[in-house]
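Residue 113 in the UniProt record's numbering is what sits at position 113 of the sequence shown, and the numbering runs on without skipping anything.
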Amino acid sequence: MRRPEPVAEHAPARVGAVPRGSAVRGAPPVPPPDGSPPVGGGGRGPVRGGLRLRLTLLSTALLSLVGALMLALAYLLVGRVVAALPRFPPGTPVQIDGRITDAAAFSDQVVRQGRETVLLVGSIAFPLLVVAGAMVSWVLIGRTLRPLSVLTSAARGLSEASLDRRIQLPGPRDEVAELADTFDDMLGRLQAAFDAERRFVANASHELRTPLSVIRTEVDVTLADPHVDAEDLRRMADVVREATDRADRLLTSLLFLARTQGSGISERRDVDLAALVEPALRAVAGERAERRVTVAVDARPAPVSGDPALLERVVGNLVENAVRHNVVGGELAVSTAVEGDRAVVRVRSGGAEIDPATVSQLFEPFRQGDRARTGHRGSGLGLSIVRAVVAAHDGTVTAAPVPGGGLAVRVELPVRG
């Protein structure tokens, strides 16, 4: 009696016909509607095949390998199953379908027919399984990679004018969704940086235009007077000198801020922050006396390692800012100390009441609270420079409004090891 032939398991070997035109192909970046240069592409040519095709080939190859191993295992098992049956001595006659034949020859025939059946079924099922596996892999991988196409399209359509777009990818919260969220966060940071740059340029232009306008107006008025005398020329010279000094201070602060933000600390020395308080107070002694500001100092040792000139600028700017924005007859408290592994500088001053929601904006360039820029001698860069220098020294700076009016600034730097 014949034994049932085993049927081959799933077994792919090579990729069959894949639908044409379905592969992910790179395309030239599409220029944004505003005419700005397209973002994306990175200078590479069109994508040949793409990730979808490579993953499909890889999965199909793995499926083919597993199928080939299963087919080989079925081929070997046919002989082992027959060999495991009780064997008759050679020459023993047996009757099969009414015919007398040798038992050993019949066993060999069963093994041979079984293996032929395995090969026949496998040769038919194997290519079909490979093609089916390739098509299923192509579809599933395409659906999995579809969010990446959304990311690519969004990146190619980016421009300075379209940074407010967000992907907000729907679907399960997996690695691709996390990548999309990270991309949205990056767009938010880029938008904030571009907005800050635009504000910086606008404010810098305004600050520079003001002294230039003063100079031009004063010169035009003086030259238009046919009866101008030496006293008028001296007065014009004083106004021009004051305006040029203001422009010079602004440009110096801008250059200092740019150098601080664009490079690290090139020189580190041992510095005691307490020793920087007295020089900072002396530098504003005239303004302090003019505004009758009362000063309280608690300068305890606060050793750090850093650039002495930059750290001196930090303390000087904090004290100068506290005096210039103080009320007449106000108070100023400056203290230094070591708290744990941090050296701390505190500057607390009186002044106008500040909205807590706008405190962080005071560290942006040209921000002076509610004061008008043109009505004050400051340039609005003092706290911006403080933040840049402190960040370059691996420190932090925070500010909080004082109840009743004023500002309290706290600078923390790593203690010298």
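By construction, the Cβ of each residue, glycine as well, lies at the ideal position given by its N, Cα and C atoms. All figures in this text were calculated on a predicted structure; none of them were measured in a lab.
Check                                                                                                          : Outcome
Local Cβ density within 10 Å of residue 128, reported as buried at 16 or more and exposed below that           : exposed
Three or more C-beta pairs below 8 angstroms linking the stretch 221-241 and the stretch 265-275               : no
Span separating the alpha-carbon of residue 67 from that of residue 93                                         : 40 angstroms
Exposure of residue 340, with buried meaning 16 or more beta-carbon neighbours within 10 Å                     : exposed
Simplified DSSP state of residue 144, which is helix, strand or coil                                           : helix
Residues bridged to residue 413 [DSSP beta-bridge criterion]                                                   : 343
Boundaries (first-last residue) of the beta strand (DSSP E) holding residue 279                                : Element bounds for residue 279: not the beta strand (DSSP E) but the alpha helix (DSSP H), 277-283.
Residue 76 burial status per 10 Å Cβ neighbour count (16 or more: buried)                                      : exposed
Per DSSP, cross-strand counterpart(s) of residue 269                                                           : 306
Continuous alpha helix (DSSP H) stretch holding residue 397: start and end                                     : Taken as a continuous stretch (DSSP letters only), residue 397 belongs to no alpha helix (DSSP H), being part of the beta strand (DSSP E) at 396-401.
Three-state secondary structure assigned by DSSP to residue 253                                                : helix
Assumed close pair residue 239, residue 214 - CB separation to whole angstroms, cut-off 8 angstroms            : 7 angstroms
C-beta contact flag for residue 343 and residue 409 at 8 angstroms                                             : no
The beta strand (DSSP E) enclosing residue 296, as first and last residue numbers                              : 294-299
8 angstroms Cβ cutoff met for residue 166 and residue 148                                                      : no
Reduced DSSP secondary structure (H/G/I, E/B, other) of residue 116                                            : helix
Rounded distance between the beta-carbons of residue 319 and residue 281, thought under 8 angstroms            : 6 angstroms
Opposing strand residues paired with residue 408 [DSSP bridges]                                                : 348, 400
Spatially closest choice to residue 209 from 157, 144, 275, 244, by CA coordinates                             : 244
Touching by the beta-carbon criterion (3+ pairs, under 8 angstroms), the stretch 131-145 and the stretch 55-66 : yes
Residues bridged to residue 331 [DSSP beta-bridge criterion]                                                   : 294
Touch test, the stretch 299-316 against the stretch 349-363, Cβ-Cβ under 8 angstroms, three pairs minimum      : no
Reduced DSSP secondary structure (H/G/I, E/B, other) of residue 357                                            : helix
Among 297, 152, 382, 324, the one whose alpha carbon lies nearest that of residue 336                          : 297
For residue 185 and residue 27, the rounded distance between their alpha carbons                               : With a pLDDT of only 39 at residue 27, under the threshold of 50, the placement of this residue in the model should not be trusted; the figure read from the coordinates follows. Spanning the two alpha carbons is a distance of roughly 26 angstroms.
Residue range of the unbroken alpha helix (DSSP H) whose run includes residue 436                              : Outside the shown range of the chain (1 to 417) lies residue 436, about which nothing can therefore be said.
Beta-carbon spacing of residue 114, residue 150 below 8 angstroms                                              : no
Collapsed DSSP secondary structure at residue 228 in the structure displayed                                   : coil
Classification of residue 294 by the beta-carbon crowding that lies within 10 angstroms, buried from 16 upward : exposed
Exposure label - residue 21; buried when at least 16 CB within 10 Å                                            : Caution applies to residue 21, whose pLDDT of 38 falls short of 50 and renders its modelled position unreliable; the model cannot decide the point.
Classification of residue 328 by the beta-carbon crowding that lies within 10 angstroms, buried from 16 upward : exposed
Distance CB(residue 389)-CB(residue 396) smaller than 8 angstroms                                              : no
Pick from 164, 180, 163 that is closest to residue 170, judged by C-alpha positions                            : 180
Cβ shell of residue 99 (< 8 angstroms), same chain only, five flanking positions each side left out            : none
DSSP-derived helix/strand/coil call for residue 166                                                            : coil
Helix, strand or coil at residue 99 [DSSP, three-state]                                                        : strand
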